[in-house]
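At position 431 of the sequence shown the residue is numbered 431 (UniProt numbering), and the sequence of numbers has no breaks. By construction, the Cβ of each residue, glycine as well, lies at the ideal position given by its N, Cα and C atoms. Here's the structure we're looking at; comments come further down.
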Amino acid sequence: MFQRILIANRGEIALRVIRACKDLGIQSVAVYSEADRDASYLKIADEAICIGPGPSAESYLNIPRIIAAAEIADVEAIHPGYGFLSENPHFAEVCRSCRIEFIGPSHESMRLLGNKSAARDLAKENNVPTVPGSDGAIEDEQEAIRLAHEIGFPVLIKAAAGGGGRGMRVASNDISLHSALQQAQAEAEAAFNDRSVYIEKLIEQPRHIEVQILADTQGSVVHLWERDCSMQRRYQKIVEESPAPGLPSSVREDICKAAVRLIKSAKYINAATCEFLVDKDHRFYFIEANARIQVEHPVTELVTGIDLVKQQIKIAAGEPLPWTQDQIEQRGCAIECRINAEDPEHNFRPSPGLIEEWRPAGGYGVRIDSHVSAGYRVPPNYDSLICKLIVHQPTREEAIACVRRCLDEFHIKGIATTIPLHRRIFRDSAFIEGGIDTKYLERTYTNDEA
């Protein structure tokens, strides 16, 4: 097992990894930017090293500075968390070339699954259903028009190297395809330094179902069942839960087995998530794989009883998975709310600033993953996530009731948050019934609110 690990991230995921390290008896080294200098979780780490100014490009995305910090701290491994460099194959390769273990997959597997076009090809080779679309990146507008007519409008243009909804546009005819293609390519180049895009058929009113995978160095690959992440705004997840409500058991089994096949074929090691769209007839289509821990991993932890971050570390240290597939069960229902420093009453405008009062919810089956407290100043430089409220109860009905109570109990003063929107969602009859699609939030609430 490792003796010292550096966490190449910030915020709640940095704190999450620090705590996992302490549970395993591993010393943790946190890195931070000038904007995060006063973050309280830095005091929990065994060591903290400043890696640069507030802008991500000069700190959390700066590979030489992170490697230098790792070498100064004499760590054996780096945990990348999510976001930032977590899915950067070059970073994984650099870590290992410096004899520092990267807690994640090989750079080869990451490149394979990180490129959506290559991942789709791999899925097809392994009998994993994919959305009809281009076999690779689109070369020019004429090819895009030809393909769109072949598979039928509406179509979705997606950045080949993208994620998080960036570099993604919908086109419903030739005219809108022209502008959507240009916008998607420009956004992809700005976000990922790669303007490659591909086109696929737009599955209307789909559910977003993802499968959590763990794979060890001995070749064992297991799934930890599925999560429903359909409550979204502009491709950004807001609520996640497990199990997926109303998903037939046969579909649940098939989609999980398909995810295992895909990950095995990539010779993948460590944690991964395979994401699928499920249409109204319960047909599922693979859309992408995430070669990292997910923001919403706690819901899987709570229904399976498995600590995913600890398992990431153990796998990277060469330990085998301690259970077989038939030993992993879903128990009860877990639901997560992402609480962001955003104002849902004003088109989700970011709301950085001082948290004057902070009174989180609590009680039986309630988990709060957060790095903030009263007196913390939310910086404007990074993602607006400040807290994850997660509940675990025996049934979905009880979980929803618990979330409602927690949202009413939660008190944050000084900044705007998405808690008011969550309160509305958890009293929405369609959500309570289960099985909403990915556009439900945007259809139901006004443009100013969603």
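In the DSSP output, what is residue i paired with across the bridge?
i	result
residue 242	334
residue 52	33
residue 465	In the structure as shown, the chain starts at 1 and stops at 450, and residue 465 therefore has no counterpart that could be examined.
residue 340	385
residue 236	233
residue 28	5
residue 392	334
residue 19	DSSP output for residue 19 lists no bridge partner at all.
residue 349	343
Assign residue i to one of three DSSP states: helix, strand, or coil.
i	result
residue 440	helix
residue 74	coil
residue 435	coil
residue 422	helix
residue 149	helix
residue 3	coil
residue 79	strand
residue 450	Because the pLDDT of residue 450 is 48, which lies under 50, any placement of that residue in the model is unreliable, and the number read from its coordinates should be weighed accordingly. Note: residue 450 maps to coil in three-state DSSP.
residue 10	coil
residue 105	coil
residue 377	strand
residue 129	coil
residue 478	Residue 478 lies beyond the range of the chain shown here (1 to 450); nothing can be said about it.
residue 113	helix
residue 143	helix
residue 427	coil
residue 59	coil
residue 354	strand
residue 47	strand
residue 445	coil
residue 64	helix
residue 329	coil
residue 40	helix
residue 452	Not covered by the structure: residue 452. The range shown for the chain is 1 to 450.
residue 316	helix
residue 416	coil
residue 69	helix
If I follow the unbroken alpha helix (DSSP H) through residue i, where does it start and stop?
i	result
residue 94	89 to 97
residue 121	116 to 125
residue 413	Run containing residue 413: none in the alpha helix (DSSP H); it sits in the beta strand (DSSP E), 411 to 413.
Measure how close the beta-carbons of residue i and residue j come, nearest whole angstrom, since I'm counting them as under 8 Å.
i	j	result
residue 207	residue 437	6 Å
residue 81	residue 8	7 Å
residue 419	residue 410	6 Å
residue 308	residue 271	6 Å
residue 113	residue 222	Incorrect: roughly 17 Å between the Cβ atoms, too far for contact.
residue 79	residue 5	6 Å
residue 51	residue 31	5 Å
residue 199	residue 133	5 Å
residue 12	residue 371	5 Å
residue 188	residue 165	The Cβ separation is near 12 Å, so there is no contact.
Starting from residue i, follow the beta strand (DSSP E) in both directions and report where the run begins and ends.
i	result
residue 358	357 to 359
If we define contact as Cβ-Cβ less than 9 Å, is residue i a contact residue for chain B?
i	result
residue 157	Although the question refers to chain B, the structure presented lacks it and comprises just one protein chain.
Secondary structure, beta strand (DSSP E): runs of 3+ residues fully inside the stretch 246 to 307: 270 to 278, 284 to 290
Ordered list of alpha helix (DSSP H) runs contained in the stretch 154 to 233, each at least 4 residues: 174 to 192
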